[in-house]
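Participant: Pasting in a structure now, in structure tokens, and then I'll have a few things to ask.
Residue numbers (my numbering): 1411 to 1523.
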């Protein structure tokens, strides 16, 4: 798989997450991949998880401004965190990449049924 194709898959998967298309198990697997990113801070990962509603115990929807208020920071700081994590996900080079591809493929299959 080309890196460009994988980056597009991640972009589409993020759209699916934001639109609440992921089921409980898919959210959990996505959550685990995000939490495994050692290069990102806990705060960056938390903002990403909240923005994309990947916390299976919380169904509240968060906007950038709502997250900024919650984190007592600016919307641009929140956006930087989210973009940083998304970029890392789009550039994964190990087996975690295939977990995200599998979630993507499951979502596509569900939409086609």
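C-beta atoms are modelled at their ideal positions from N, C-alpha and C, and glycine is treated no differently.
Give the secondary structure of residue 1446 by DSSP, where H, G and I count as helix, E and B as strand, and everything else as coil.
Facilitator: Correct three-state label for residue 1446: coil.
Participant: Measure the Cβ-Cβ separation of residue 1422 and residue 1514 and say whether it is below 8 Å.
Facilitator: Against a cut-off of 8 Å, the Cβ pair of residue 1514 and residue 1422 comes out as a contact.
Participant: Let me know the secondary structure DSSP gives residue 1429 once reduced to three states.
Facilitator: In the structure shown, residue 1429 sits in coil (DSSP, three-state: anything other than H, G, I, E or B).
Participant: Output yes or no for whether 8 Å exceeds the beta carbon distance between residue 1419 and residue 1511.
Facilitator: Yes.
Participant: At which residue ranges does the segment 1475 to 1508 contain complete alpha helix (DSSP H) runs of 4 or more residues, listed in the order of the chain?
Facilitator: List check, alpha helix (DSSP H) in window: 1485 to 1500.
Participant: If you follow the alpha helix (DSSP H) that residue 1455 is in, where does it begin and where does it stop?
Facilitator: Where residue 1455 is concerned, the enclosing alpha helix (DSSP H) stretches over 1452 to 1461.
Participant: Would you call the segment 1466 to 1476 in contact with the segment 1498 to 1507, where contact means no fewer than 3 C-beta pairs closer than 8 Å?
Facilitator: No, the segment 1466 to 1476 is not in contact with the segment 1498 to 1507.
Participant: Quick test of your reading: residue 1441 and residue 1465, contact by CB under 8 Å. State the CB separation rounded to the nearest angstrom.
Facilitator: The pair is a contact, with the Cβ atoms about 7 Å apart (cut-off 8 Å).
Participant: By the three-class DSSP mapping on this structure, what secondary structure does residue 1422 have?
Facilitator: DSSP places residue 1422 in helix when its eight states are reduced to three.
Participant: Mark residue 1461 as exposed unless 16 or more other C-beta atoms lie within 10 angstroms of its C-beta, in which case mark it buried.
Facilitator: It is buried - the Cβ of residue 1461 has at least 16 other Cβ atoms within 10 Å.
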